[in-house]
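A.B. asks:
Residue numbers (our numbering), protein chains in the order written: chain A, 2 to 224; chain B, 61 to 326.
What follows is the structure, encoded as structure tokens:
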């Protein structure tokens, strides 16, 4: 349903994606994990066509997203829902007239409204950017369960970007790890837990010892 | 003092900005018309009316009051000078022509740029920073037709109305001065205004106002939708929006007057 082929993306001096290839099957719930600033959200924006890659291709069904004109892209986007990290609710519009203004909602409520907005047009694909970030553990679980039940019920394919491990393992039917601009590991959640890749192992354990940010801790201790 | 290379760079960035705003207007119009061709509303009517009330109706007291004071001052100052030559009967025509042709649209444009242009930029800029604009785009909705078009249409249609309010306020103020200081009764004042004003003066002022409204709204929306760098970016673009809009209004007015006086020298 979604395919990224050798996608490269650069922001000014920084190479964010260096040859990312991904394939997402219909009704799959893919979770992309990675450090902050590793380019996870960039992948979602590339799929939506909000960003254009420097090279490579992105396919949504038969459409090559990065080659579509504005009009066609707007039509394709109506089949894709997006839930933003900070919900991005339109503050000038009321949530169900006369109920409440977005500014008056709590984080969990905002997230649920954002999820409803993402699903209201009955998309075939939903993209979720850090859906449980900034929520307390109970509300985060509620949001995760909501994502699972809604995507299952509506038979929607989903791509979730997160670095919340608990949430990732709850939602995912398949996982991918993005590190230094590349997908370094891909597989089912159980395979991920037993991964021998030191980067994946360190990321899952949250340990300070390992290849991620190597030497940073020593530098802090020396200071 | 800037060197020649800096001057070239300033000129280049100025032309780039002019080009960007021009294409912004073209793209907004195109996006809106595409939707109209599909026989669907390009934006919510409620959003257009909300912007119209904010930009037009809510600006009436400010524009009216400022132009009332300006009309008062202008009539008073010119009146004393003209009285020395026994030609104080020229005051009504002077104020009426000056305001309908020039000062009314110009002062209104400057006030609208400061009051509404700043509001549009800050509002759209905040939406941009909060990813709301991107969320609209992600839903397959054109942000130009959805966010910029109602604001541009509201200001395009309402600026001439505000300009008319400012003209009326200034003429009314000058009639009070004429009555109080120069013994010109109100009916005689009206006759003098009617004798001196030409339909051409009114039309030129109104045409100018339409263009001022469009330019102010376009600059404000463009600046708002291109905000980068969080809250600081919103502040920077809002200031720049007001400065650019006021400069553009005055610059456009000058060009308009030069062209106009070439065609109609009298």
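Ideal placement from N, C-alpha and C gives every residue a C-beta, glycine not left out. In this text the structure is predicted, and so the values were computed from the model without any measurement.
#1: If you draw a straight line from the alpha carbon of residue 35 of chain A to that of residue 84 of chain A, how long is it in whole angstroms?
#2: Out of curiosity, what's the CA-to-CA distance linking residue 134 of chain B and residue 248 of chain B?
#3: Verify the CB distance criterion: does residue 120 of chain A have a CB-CB separation below 7 Å to chain C?
#4: Since residue 59 of chain A contacts residue 77 of chain A with CB under 8 Å, what's their CB separation in whole angstroms?
#5: At a Cβ cut of 8 Å, what residues of the segment 193–226 of chain B count as close to chain A, listed as they run along the chain?
#6: Where residue 181 of chain A and residue 44 of chain A are concerned, what is the direct C-alpha to C-alpha distance, given to the nearest angstrom?
#7: Identify the contact partners of residue 151 of chain A in chain B, using a Cβ-Cβ distance below 8 Å as the criterion.
#8: Can you tell which of A:81, A:55, A:17, A:73 has its C-alpha closest to the C-alpha of residue 1 of chain A?
#9: Could you list which residues in chain B have their beta carbon closer than 9 Å to that of residue 110 of chain A, in chain order?
#10: Any residues in the segment 48–62 of chain A with a beta carbon nearer than 8 Å to a beta carbon of chain B? Which ones, in chain order?
#11: Measure the Cβ-Cβ separation of residue 184 of chain A and residue 200 of chain A and say whether it is below 7 Å.
#12: Let me know the alpha helix (DSSP H) ranges lying completely inside the segment 93–158 of chain A, each 4 residues or longer, listed in chain order.
#13: Go ahead and label residue 106 of chain B buried or exposed: buried means 16 or more other beta carbons lie within 10 angstroms of its beta carbon, across all protein chains shown.
#14: Alpha carbon to alpha carbon, what distance is there between residue 27 of chain A and residue 191 of chain A?
#15: Please return the same chain residues whose Cβ sits closer than 6 Å to the Cβ of residue 123 of chain B, not counting the five positions on each side in sequence.
#16: Would you kindly work out how many angstroms separate the C-alpha atoms of residue 113 of chain A and residue 143 of chain A, rounded to a whole number?
#17: Ignore the nearest five residues each way along the sequence and tell me which others in residue 98 of chain A's own chain have a CB closer than 8 Å to its CB.
#18: Closest Cβ-Cβ distance between residue 91 of chain A and chain B: below 7 Å?
#19: Apply the 10 Å Cβ neighbour rule to residue 188 of chain B and answer buried if 16 or more other Cβ atoms are within range, or exposed otherwise.
#20: In angstroms with no decimal places, state the Cα-to-Cα distance between residue 101 of chain A and residue 111 of chain A.
#21: Where residue 143 of chain B and residue 91 of chain A are concerned, what is the direct C-alpha to C-alpha distance, given to the nearest angstrom?
#22: Could you give the uninterrupted runs of the alpha helix (DSSP H) lying entirely in the segment 169–195 of chain A, keeping only those of 4 residues or more?
#23: Among the residues of its own chain, which have a CB less than 7 Å from the CB of residue 298 of chain B, if the five just before and after it don't count?
C.D. replies: With the structure as the only source:
#1: 18 Å
#2: 19 Å
#3: You won't find chain C in this structure, because its protein chains are A and B.
#4: Their Cβ separation, rounded to whole angstroms, is 11 Å, which puts residue 59 of chain A and residue 77 of chain A out of contact at 8 Å.
#5: 194, 195, 196, 197, 198, 199, 200, 201, 202
#6: 14 Å
#7: Those do not exist, as residue 151 of chain A stays about 17 Å from chain B at its closest Cβ, beyond 8 Å.
#8: Any property of residue 1 of chain A remains undetermined from this structure, which presents chain A solely from 2 to 224.
#9: Chain B residues near residue 110 of chain A: none, gap ~17 Å exceeds 9 Å.
#10: 49, 51
#11: no
#12: 108–121, 138–155
#13: exposed
#14: 20 Å
#15: 168, 171, 222, 225, 226
#16: 9 Å
#17: In this predicted model, residue 98 of chain A has a pLDDT of only 43, less than 50, meaning its place in the structure is not dependable enough to derive any value.
#18: yes
#19: buried
#20: Only weak support is given to the placement of residue 101 of chain A: the predicted model assigns it a pLDDT of 49, under 50, and the value that follows is read from those uncertain coordinates. Looking at the two C-alpha atoms, the distance is approximately 11 Å.
#21: 60 Å
#22: 190–194
#23: 178, 181, 182, 185
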